[in-house]
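A.B. asks:
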Amino acid sequence: MRDFLCRTCGQRLTFENTQCLRCRSFLGFHLPSRSLVVLDESGATQIKGTEWVRCANRKLAHCNWLVPTGSASPLCASCALTRTRPAEEDPLFREFANAETAKRRVILELDELGLPLAGRDEDPRRGLGFDLLSSVGERVITGHASGLITLDLAEGDDLHRERLRVEMDEPYRTLVGHFRHEIGHYYQMVLINTTDRRATYDALFGDFNADYQAALKRHYREGPPDGWSADYVSSYATMHPAEDWAETFAHYLHIRDALDTAAAFGFAPSGASLANDLSGDAGFNRIIDWWLPLAWALNQVNRSMGHSDLYPFVLRGPVLKKMRFIHQLVQQPRY
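Counting in full-length UniProt numbering, the sequence shown runs from 1 upward without gaps.
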C-alpha cells in the first residue's frame, strides 16, 4: 500500500480517504495509476483525455474509486465484481461497506501483481465474482466455488469474528484474510492449468481431487496431525491440499502487501515494493530475507503495546518451498 499525498496541499492521505482533511479537496482512487487524485466539485477529473467520475457505490460501500465516463457499468473495478449484497434494511448491511473496503485492498494488490480480475463468464478462469451475504435468517458459508466467492458479512462484526477465532483456535482471522484465502482457491484453478504445474503441485501439496468432505470431517473430528507446523503454515492448511494451497497463497499475499506498505514508509528497502521486479528464485529469496526480520520487529512492537503478534506464524522450509512455487506462478503467469 502506497503512502498517498494530497496533490493540492501535500497532506498525507490514507487509501480510504474521500476528502483531504487539510485543504478539503475531494479525492478519488485511480486504479490504472494506483494513485489518489483530486476531483472537481462535481466529483470528476480528467486523466490523459478521459473523464473519470466517482463509483456509484460511493455511499453504500464508502467507495472512493473512480470509473471512466461512459463505462458499461457505473461501478468501479472492485465493486463491479460483487454480484449480490443484502438489502439496506438487513441488520448486517452495516458490514457491507467494511467488506468492500477490505476487498478493495485485496483487488489492488492482485491488480499490481498482474493477476486476472475480469468479470465472471462461462470460463471461471477469466474472473472473480463475490456474493457478500447476510446470515441473518439463513445459513451462509464463507467459501469459493468456480470463481464465485461467498462471504458471510457477520465476519465484519468484531465480536462475532473474535468469538469464532477463539473457538476455532485460530491465531489470525480478518476480512482481508478471508478474501485472500478464498481468492487463493480461485487462483489455483487459474494457475495450475498445465501438466508440469499439476505435477509440482501434487508433489508439494498433494492431490487436490482427494475427497474434500471426508477430509473436512476428519479435520474437525481429529484436528491437525502432531507436528503439523513443520510442514504447514497453519493448522487449517492440514485439512486438504486445496486448503494448504489457499492458506499458503493467502500468506504470500499478506507478505507481499505488508512489505510493499513497509517500503512505502521506509521500514523496508524500496525494492520490496510490489512495483518492482522480484521474479525468480532470487526475487523470492529477497522477499523472505526482508520479511523475516520485519515480521520479528513488528511482533515486538505489537507486544510493546500489549497486543498479540502481528504475524503469529512460523515459515519453515517446506512452507517456504510451497510459497516459492506460488511466487514463480504469480510472477510468470501463463493463462
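A virtual CB, placed ideally from N, CA and C, is assigned to each residue, including glycine. The structure displayed is predicted, hence computed values, not measured ones.
Using C-beta distances below 7 Å, list every residue in its chain close to L175, excluding the 5 sequence neighbours before and after it, in chain order.
C.D. replies: Same-chain partners within the cutoff: N98, A99, A102, E155, G156.
A.B. asks: Given this structure, state the Cα-to-Cα distance separating P116 from L108, to the nearest angstrom.
C.D. replies: C-alpha separation (whole angstroms): 11 Å.
A.B. asks: Taking only the alpha-carbon atoms, compute the straight-line gap between E122 and G129 and give it to the nearest angstrom.
C.D. replies: Caution is warranted here: a pLDDT of 46 is assigned to E122, below 50, making its placement in the model unreliable, and the coordinate value is therefore given only provisionally. Rounded to whole angstroms, E122 to G129 spans 12 Å at the Cα level.
A.B. asks: Does the distance from the CB of L278 to the CB of I288 come in under 8 Å?
C.D. replies: Not closer than 8 Å, so no.
A.B. asks: Taking DSSP's pairing of strands, which residues face F313 in a bridge?
C.D. replies: Per DSSP, none; premise fails for F313.
A.B. asks: Does E51 come out as helix, strand or coil in the three-state DSSP assignment?
C.D. replies: If DSSP states are grouped into helix, strand and coil, E51 belongs with the strands.
A.B. asks: Roughly how many whole angstroms lie between the Cα atoms of I141 and T248?
C.D. replies: I141 and T248: Cα-Cα distance of roughly 21 Å.
A.B. asks: Per DSSP, which one or two residues make a beta bridge with L151?
C.D. replies: The partner list for L151 (beta bridge, DSSP) reads L132.
A.B. asks: Taking only the alpha-carbon atoms, compute the straight-line gap between A258 and F15 and give it to the nearest angstrom.
C.D. replies: Distance between the alpha carbons of A258 and F15: 14 Å.
A.B. asks: For Q332, is the classification buried or exposed, using 16 other Cβ atoms within 10 angstroms of its Cβ as the cut-off for buried?
C.D. replies: So Q332 ends up on the exposed side.
A.B. asks: Could you compute how far the alpha carbon of Y172 sits from the alpha carbon of R165?
C.D. replies: The straight-line gap from Cα to Cα measures roughly 7 Å.
A.B. asks: Could you check how far apart the C-beta atoms of A264 and D3 are, in whole angstroms? I think they sit under 8 Å.
C.D. replies: Between D3 and A264 the Cβ distance is about 4 Å, and since that is below 8 Å, they are a contact.
A.B. asks: Report, in whole angstroms, the separation of the C-beta atoms of L298 and L310, which I expect to be a contact under 8 Å.
C.D. replies: With 8 Å as the limit, L298 and L310 qualify as a contact, their Cβ atoms being about 4 Å apart.
A.B. asks: Could you round the C-beta distance between H185 and A246 to whole angstroms and report it? I think they count as a contact, below 8 Å.
C.D. replies: The pair is a contact, with the Cβ atoms about 5 Å apart (cut-off 8 Å).
A.B. asks: With a threshold of 7 Å on Cβ separation, who are the neighbours of S270 within its own chain once the five nearest residues in sequence on each side are excluded?
C.D. replies: Only A263 meet the Cβ criterion.
A.B. asks: Would you identify the three-state DSSP class for P91, choosing helix, strand or coil?
C.D. replies: Three-state DSSP puts P91 in a helix.
A.B. asks: Under a Cβ-count criterion, where at least 16 other Cβ atoms within 10 Å of its own Cβ denotes burial, should N57 be classed as buried or exposed?
C.D. replies: Burial call: buried.
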